[in-house]
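Novice:
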Amino acid sequence: MVTRKVEIMVGVFMLLGMLALAVLALRVSSINTWTTPDGYSVTARFENVGGLKPRSAVSAGGVVVGRVTDITYDTETYQAKVTMTLYNDFTTFPTDTSAAILTAGLLGEQYIGLEPGAEEEYLMNGSEIEITQSALVLEQVIGQFIFSQANKSGEEE
Amino acid sequence: MLKLTQNLGQQGLMAVARLGRRFMFLLSTLAGCAGLIRRFHLLIKQLYSVGVLTLVIIVVAGLFVGMVLGLQGYNTLVDFGAEESLGVVVALTLVRELGPVVTALLFAGRAGSALTAEIGLMKATEQLSGLEMMAVDPFRFIFAPRLMAGFIAVPILAAIFNAVGVFGGYLVGVEWVGVDAGSFWSQMQAGVDLQEDILNGVIKSIVFGFIVTWIALFEGYDAVPTSEGVGRATTRTVVQASLAVLGVDFLLTALMFG
Amino acid sequence: MPSSSSSRDALVDIANLHFARGSRRIFSGVDITIQRGKITAIMGPSGTGKTTLLKLIAAQLYPDQGSIHLDGQDVHRLTRSALYTLRKRVGMLFQSGALLTDLNVFDNVAFPLREHTQLPETLIRHLVLIRLHAVGLRGARDLMPSELSGGMARRVALARALIMDPMMIMYDEPFAGQDPISMGVLADLIKTVNDALGLTSIVVSHDVAETLSIADYVYVLSDGVVIEQGTPDQMKASESPWVQQFIHAQANGPVPFHYPAPEYMADLMQAG
């Protein structure tokens, strides 16, 4: 028959397991990545979204204020249309806020950086951010750099 | 040539028959799981022998695997000036792959082989027939609690392995080679997703626990009831369970992260 | 001579039993009748499928042909639950005892009660101690099966087989590998238990002296058929050379000492 000792050990074992899961959930990932806080949705159009993905961060001043929820391609304007959710804690972005696709570090994840404007009115659910800056595509940057170098050396000669 | 073809056919038929017996065995065992609530003490006892007794090896292995990851990850990342990413590298490697897989392999070696040997000996000493003769269904009494225990224990062991592994990576990365503790944790938290990474890892380990325990129990049940036969069945358990874990891991990874 | 149909007293009626394991034929037309209240011995050399016969009676195995009736029911046509109900009334003593290794003696004997009944623990204790006392092992109740000798393990198994008050007990090689004292004890127990509790017993064995001393009726199996049957006295007086060889343990006879082989001299010369 099962002794008390066995029962206690199994209890400890189960507790350890739950503790480990809790550590994984709270410490290793962060709990707020899955309980997405309520928010309002705004859109923005970009020439090029680069490596932006749904669930990428939207940040302002380095603080995460929202998440990208959807990325589609608009065949009328030939632009990428990004839908993002901004959290309800941050409802006072002016309507002339600009959005740029930035990269965390040289090779890191891409995210949307918001730069607040100066208008009196605020972005609301369904608003569109008008001023956008596309992702830097490394190949294009390098291509431009080489091109300008070539031009420069051409002028000097 | 004819002989060869005949041989091939024979082997094929045997393999199919074996597969069939495997599934029949699984069905009977699953059917036996229904009555487990009434025999909760059996489950507790099995959780002790497959779970608690495997804990030490899991903790030690997890700590060392985490420490190695910390060191290797650091040495690689520092070349790119990206040693702040050590936390996320260690955590993702553990949570997505090494945690479930290494836990399942260790479980197959420690608990799986023990299960096969135990069942094989029960068969050799006529305990299984004896139960049937006492009108006690061995599937309900022997196999169901063990399958359920493996099913429960492996995800728990994998979670413990992961937690200890992350701690090992922290020990080496932060305490020893001097990565900044803040960026170690924040990068990890930013890069590890609860649903995509941790939940998928848990699902993997549940599947592995199920497969390893199933193989171990079936090999014991199917063993030739002699000491030699039980020995061979034990070896088969470890080999087949390990291969199955690695194969299924590829499939699951392709499904989850592909 | 009891035929399979005439006897009303038969508890077990085996008719025209055929069974093969793979390509090996084990029984080819066996008819056996087991009388109520008697000890019936089934004898024969090793490998004649005596254990297989017991498993067939208990419907752990299914015959290729023929039928086995136990207490009027065709055991191989029963539903699973009916079979389990029947098995609760049949005890079986395995060669190794088949005690559950992780339970001690007391819990092993109490096991069927705990599985099949909702009796209070005090009553279970009472019933278990009665059975353990009957087999002389009341003092060994806290030992684990690994601490028991082979003879003791079989006695515990007997106590366990008795706990559900069965109508029949089947003994699989109860004497194999026992020292003479232990053999005597077991033979005595089988006889006493059978007579005192009014059971029916089937003893499968190849230990001639012990078996003949307790059996009421004997069947001798060889090559898949019953080659001789009768009371122990009839057996001893049997004129069949085969039975004579078996009972008197002669090395040579109808069962040859030599495994089939080419002619001796020719075989020797071939190597040179």
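Residue numbers (this note's numbering), protein chains in the order written: chain A, 1 to 157; chain B, 158 to 415; chain C, 416 to 687.
No residue lacks a Cβ here, since even glycine has one placed at the ideal position from N, Cα and C.
#1: Does any C-beta atom of chain B lie closer than 8 Å to the C-beta of A:Ala100?
#2: Could you check how far apart the C-beta atoms of C:Ala513 and B:Glu283 are, in whole angstroms? I think they sit under 8 Å.
#3: Any contact between the segment 326–334 of chain B and the segment 269–278 of chain B? By contact I mean 3 or more CB pairs, one from each, below 8 Å.
#4: Just to make sure I have the definition right: I need the residues of chain C whose C-beta is within less than 8 Å of the C-beta of B:Gln284. Which are they?
#5: Taking the beta strand (DSSP E) that C:Phe442 falls in, what are its first and last residues?
#6: Scan the segment 351–369 of chain B for residues whose Cβ lies nearer than 7 Å to a Cβ of chain A and list them as they occur along the chain.
#7: Going along chain A, which residues have a C-beta under 9 Å from B:Ala248?
#8: Any idea what DSSP makes of C:Leu493, helix, strand or coil?
#9: Helix, strand or coil: how does DSSP classify C:Ala664 here?
#10: Starting from C:Gln480, follow its DSSP beta bridges and name the residues at the other end.
#11: Out of curiosity, what's the CA-to-CA distance linking C:Gly506 and C:Ile605?
#12: Applying a beta-carbon distance threshold of less than 8 Å, which residues of chain A neighbour B:Glu212?
#13: Counting C-beta neighbours from all protein chains within 10 Å, is the total for C:Phe672 16 or more, i.e. buried, or is it exposed?
#14: Measure from the C-beta of A:Leu21 to each C-beta in chain B and report whether the shortest distance is under 8 Å.
#15: Within the same chain, show all residues whose beta-carbon is closer than 7 Å to that of C:Met559, passing over the 5 residues directly before and after it, in chain order.
#16: What do you reckon, are the CB atoms on A:Ser132 and A:Ala44 nearer than 8 Å?
#17: Just list the beta strand (DSSP E) runs in the segment 571–645 of chain C, keeping only unbroken ones of 3 residues or longer that don't cross its boundaries, in chain order.
#18: Taking the alpha helix (DSSP H) that B:Lys419 falls in, what are its first and last residues?
#19: According to DSSP, is C:Met458 part of a helix, a strand, or is it coil?
#20: Could you name the residues of the same chain whose beta carbon sits closer than 8 Å to that of C:Leu469, not counting the 5 residues immediately before and after it, in chain order?
#21: In chain B, what lies closer than 9 Å to A:Val42 by C-beta?
#22: How long is the line joining the alpha carbons of B:Ser206 and B:Ala271, rounded to whole angstroms?
#23: Using only CA atoms, which one of B:Leu204, B:Phe221 and B:Ala315 lies nearest to A:Val6?
#24: What are the residues of the segment 325–347 of chain B that lie near chain A, defined by any Cβ-Cβ distance shorter than 8 Å?
#25: Does the distance from the C-beta atom of A:Gly61 to that of A:Leu86 stay below 8 Å?
#26: Looking at the secondary structure, which residues open and close the alpha helix (DSSP H) in which B:Glu289 lies?
#27: Could you check how far apart the C-beta atoms of A:Leu114 and A:Thr97 are, in whole angstroms? I think they sit under 8 Å.
#28: Counting only the same chain and skipping the five closest in sequence on each side, list residues whose C-beta sits under 7 Å from that of C:Leu370.
#29: Taking all protein chains shown into account, decide if C:Gln685 is buried (16 or more other Cβ within 10 angstroms of its Cβ) or exposed.
#30: Could you please tell me which residues of the segment 280–312 of chain B, in chain order, have their CB closer than 7 Å to any CB of chain C?
#31: A:Leu26 to A:Pro54, Cα distance in whole Å?
#32: Kindly indicate the opening and closing residues of the beta strand (DSSP E) around A:Asp70.
#33: Starting from A:Glu7, find everything on chain B with Cβ-Cβ shorter than 8 Å and list it in chain order.
#34: Using CA atoms only, rank isn't needed, just tell me which of A:Arg4, A:Thr91, A:Val28 and A:Ile8 is closest to B:Ile317.
#35: Can you pull out the residues from the segment 487–503 of chain C whose beta carbon lies closer than 7 Å to at least one beta carbon of chain B?
#36: Would you please verify whether the beta carbon of B:Val209 is less than 8 Å from any beta carbon of chain A?
Specialist: Judging by the given coordinates:
#1: no
#2: 4 Å
#3: no
#4: The contacting residues are Ala513, Leu514, Leu515 and Thr516.
#5: Arg439 to Gln450
#6: Within the segment 351–369 of chain B, the qualifying residues are Leu351, Gln352, Asp354 and Ile355.
#7: Leu24, Val28 and Ser29
#8: coil
#9: coil
#10: C:His433
#11: 13 Å
#12: What sits at residue 212 of chain B in the sequence shown is Leu, not Glu. The answer, in chain order, is Phe13 and Leu16.
#13: With fewer than 16 other Cβ atoms within 10 Å, it is exposed.
#14: yes
#15: So the list reads Asn519, once near-sequence residues are dropped.
#16: Here the sequence assigns Thr to residue 132 of chain A, which means Ser is not the residue at that position. Taking 8 Å as the Cβ cut-off, A:Thr132 and A:Ala44 qualify as a contacting pair.
#17: 583–587, 615–620, 632–637 and 640–645
#18: Not covered by the structure: residue 419 of chain B. The range shown for chain B is 158 to 415.
#19: strand
#20: Met507, Met585, Asp587, Ile617 and Val619
#21: None at all; the shortest Cβ gap to chain B is about 23 Å.
#22: 9 Å
#23: Checked all of B:Leu204, B:Phe221 and B:Ala315; the closest Cα to A:Val6 is B:Leu204.
#24: Trp342, Met345, Gln346 and Ala347
#25: no
#26: Gln284 to Met290
#27: 6 Å
#28: Examination of residue 370 of chain C is not possible in this model, given that chain C is present from 416 through 687 alone.
#29: exposed
#30: Thr282, Glu283, Gln284, Ser286, Gly287, Glu289, Met290, Met291, Ala292 and Val293
#31: 22 Å
#32: Its beta strand (DSSP E) spans residues Val63 to Asp74.
#33: Ile201
#34: A:Val28
#35: Tyr499, Arg502 and Lys503
#36: yes
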